[in-house]
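Right, one structure below, let's go through it.
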Amino acid sequence: MKCVAVEDAKGMVICHDMTRIIPGNYKGPAFKRGHIIREEDIPELLNIGKANIYVFDIADGLVHEDDAALRIAKAAAGPGIELTAPSEGKVGFKASEPGLLKINVEALRKINEVEDAVFSTLHTNQQVKKGQPLSGTRIIPLVTKEQNLLDVEAICRDNYPIIEVRPFTETKVGVVTTGSEIYTGRIKDKFGPILKEKFSQINSRVIDQVFVSDEVEMTVAAIHKMLDDGAELIAVTGGMSVDPDDQTPASIRAAGGEVIIYGSPIFPGAMFMLAYIKGVPVVGLPGCVMYHKASIFDLVVPRILTGEKLTKADIIELGHGGFCSNCPECRYPLCGFGKSS
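So this is what it looks like as structure tokens:
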């Protein structure tokens, strides 16, 4: 490419998008890459501060920003991702289906260490909707060395995919609600309807809900019945605190649960339990899941429903960003996994 005075550019081809900004109203390309400059364009180019412009004359071994961004994006994108056309040197990533966003964070860091490369994403492990913007990539200068792109492509090839959206597996859920006050009809259950709604939003359905007292034997029998009935995930609600009458953790263990963790570094959601019985995940859900819009449920259960078998280390890592500020306009699970306003 070469730089020429705008007054001398009539008939030449613009080699990058030129941005126009109208404060509070518009930011976007005034002229697109490939536009052939006309006489009437010259005053407008001067109006947006372009006394000199670049026209096509790319040297060997250099790659234009649009081509570079598209190469990075194609190398990084995995299933569930659709790419936007290059605009002003940037390619965007959108979700082609609802699901759980997964980012290879370490590989992302390596890409951003490559000269000229920029790759920005949302936080990993959050629920996303179809069409939701997830990420963007570009190079900083107008052109970059071919070798820089080869380095990025090698990172993507070795760590593929860098970004993907995993669909939620349609899962049959059994709910066991503990508590003598509900079992006897003294108070009305409010947990079940909330769980049914939450599971329906992540492509799963509650096949049955059973009410039991605080007796361990009754809870164990209910869990085993759910397994016999084909439940692929069991949610046990209530009785998760350290009070003497709260026997849910003991019941899950007595039912044969291989406990991964009891207690999580999440607020709300500290009194959470994750266990597996014959490969079936069993989650002990504290009462906060019923009362708070965002809780441990939103961080853990969607990952389970994409086929992940979570470890104790996975739960412990949620402590960074696991404090919910209960923002009134919250749009994401927890502040550590997206902005809350």
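Per the numbering used here, the very first residue in the sequence shown carries number 18; after that it's consecutive.
C-beta: ideal position from N, C-alpha, C; glycine also.
Min CB distance residue i to chain D below 8 Å
i    : result
A112 : No chain D appears in the structure shown, which is made up of a single protein chain.
Status (buried if at least 16 other CB within 10 Å, exposed otherwise) for residue i
i    : result
I39  : exposed
G353 : The pLDDT assigned to G353 is 44, lower than 50, so where the model puts this residue is not dependable; a value taken from the coordinates is nonetheless given after this. G353 comes out buried.
Q164 : exposed
C20  : exposed
L322 : buried
T195 : buried
H81  : buried
N121 : buried
F340 : exposed
A112 : buried
N142 : buried
E56  : exposed
R126 : exposed
T236 : buried
P150 : exposed
Q8   : Outside the modelled stretch of the chain, which goes from 18 to 358, sits residue 8, for which no answer is possible.
T328 : exposed
R174 : exposed
I70  : buried
I390 : The first residue shown for the chain is 18 and the last is 358, placing residue 390 beyond what the model contains.
S342 : exposed
D25  : exposed
P266 : buried
Cβ-Cβ separation, residue j to residue i (assumed contact under 8 Å), whole Å
i    : j    : result
G95  : Y177 : 7 Å
I283 : L335 : 6 Å
V223 : K213 : 5 Å
F216 : M307 : Not quite, the Cβ-Cβ distance comes to about 14 Å (not below 8 Å), so this is no contact.
K9   : E181 : Outside the displayed span of the chain (18 to 358) sits residue 9, for which this structure offers no information.
G324 : I294 : Not a contact, Cβ separation roughly 17 Å.
G97  : R183 : 7 Å
G106 : D34  : 7 Å
V233 : S197 : With a Cβ gap of about 13 Å, V233 and S197 do not count as contacting.
I240 : V299 : 7 Å
D231 : G256 : 6 Å
I59  : V30  : That pair is no contact at about 15 Å.
A272 : S281 : Contact flag wrong, Cβ pair sits at about 20 Å.
K162 : L79  : 6 Å
Delimiting residues of the beta strand (DSSP E) encompassing residue i
i    : result
V192 : 188 to 195
D225 : 221 to 229
E275 : 275 to 279
L118 : 116 to 120
I38  : 35 to 39
T254 : 250 to 254
I294 : 290 to 294
L302 : 297 to 302
A287 : Where A287 is concerned, there is no enclosing beta strand (DSSP E), given that its DSSP letter is neither H nor E.
Start-to-end residues for the alpha helix (DSSP H) that takes in residue i
i    : result
D331 : 329 to 333
V306 : 305 to 308
A311 : Segment: none, A311 is in no alpha helix (DSSP H) and carries neither H nor E.
K19  : K19 -> not in any alpha helix (DSSP H); beta strand (DSSP E) instead, spanning 19 to 22.
R394 : Residue numbering for the chain in the displayed model covers 18 to 358; residue 394 lies beyond these limits and cannot be assessed.
G209 : 208 to 217
I240 : 233 to 245
Closer than 7 Å: residue i CB and nearest the ligand MN heavy atom
i    : result
H337 : Annotation note on the ligand MN: not contained in the displayed structure, which lists no ligands.
Uninterrupted beta strand (DSSP E) stretches inside the region 134 to 182 (no shorter than 3 residues): Entirely contained in the region 134 to 182, the beta strand (DSSP E) runs reaching 3 residues are, in chain order, 134 to 138, 150 to 156, 160 to 162.
Below 8 Å, how does it come out for the region 155 to 166 and the region 179 to 190: are there three or more Cβ pairs, yes or no? Fewer than three beta-carbon pairs drawn from the region 155 to 166 and the region 179 to 190 are found closer than 8 Å, and the two stretches are therefore not classed as touching.
What residue ranges within the region 47 to 107 form continuous alpha helix (DSSP H) runs of no fewer than 4 residues, ordered along the chain? Taking only runs of at least 4 residues, the alpha helix (DSSP H) segments lying wholly in the region 47 to 107 are 58 to 64, 82 to 93.
Evaluate the contact criterion for the region 80 to 100 versus the region 116 to 135: three or more CB pairs, one atom per stretch, below 8 Å. The region 80 to 100, when compared against the region 116 to 135, does touch it at the 8 Å Cβ threshold.
How do the region 22 to 42 and the region 60 to 71 stand: do at least 3 beta-carbon pairs fall below 8 Å, yes or no? They touch, by the three-pair rule.
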